[in-house]
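The block underneath contains the structure these notes are about, expressed in structure tokens.
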Amino acid sequence: MSGRPRTLARVAAVQALYQAEQAAQSPETVIDQFVRHRIGDLPGRGGLEDGHLTEADVPLFARVVRIATLQQDTIDGMLVAALPESWPLARIDPVLRAVMRAGG
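Dropping the structure here:
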């Protein structure tokens, strides 16, 4: 995925949304952690295989995380409406929830 900043930003946003949900962290905390430790162009960082998304479009990443978080109740409502009644939203894999929220 080298050289695809927007794609890498979206991948990072999904990871950040997952982390925010699992660790009960605010979007700003997660954005800050990602910008400091996982994305951006700082010397000594590994590549994508090491979980570092150095070429990611940082403004797009932050925008996706913030908008997905602000609209999470609306997005979750749409997801619940699309699920069978016997399937609570929590039954969906958390990574898949993060993907759907990022795309919401």
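Adding 1397 to a residue's 1-based position in the sequence shown gives its number in my numbering. All residues carry an ideal CB built from backbone N, CA and C; glycine is no exception.
Rounded to whole angstroms, what is the Cα-Cα separation between residue i and residue j?
i     : j     : result
P1481 : A1487 : 13 Å
Q1419 : P1491 : 8 Å
V1427 : R1433 : 10 Å
I1489 : M1497 : 10 Å
A1465 : S1483 : 25 Å
G1501 : T1404 : 16 Å
A1495 : Y1415 : 5 Å
M1398 : E1452 : Confidence in M1398 is poor, its pLDDT being 48 and thus under 50, which makes the residue's placement unreliable; the coordinate value appears in the next sentence. Near 9 Å, if we compare the C-alpha coordinates of E1452 and M1398.
Could you check whether residue j and residue i sit closer than 9 Å to each other, using their CB atoms as the reference points?
i     : j     : result
A1402 : A1413 : According to the sequence shown, residue 1402 is Pro rather than Ala. Contact flag unset, no.
A1417 : V1461 : no
V1411 : A1499 : yes
On the premise that residue j lies in contact with residue i, defined as a C-beta separation below 8 Å, what is that separation, rounded to the nearest angstrom?
i     : j     : result
A1459 : R1435 : Actually they do not touch by this definition, with Cβ atoms about 13 Å apart.
Grab me the residues of residue i's own chain with a C-beta within less than 7 Å of its C-beta, minus the 5 sequence neighbours each way, in chain order.
i     : result
R1463 : P1424
Q1468 : G1501
In chain order, what residues of the same chain have a beta carbon less than 8 Å from the beta carbon of residue i, not counting five sequence neighbours either side?
i     : result
V1455 : A1406, V1432, I1436, G1437
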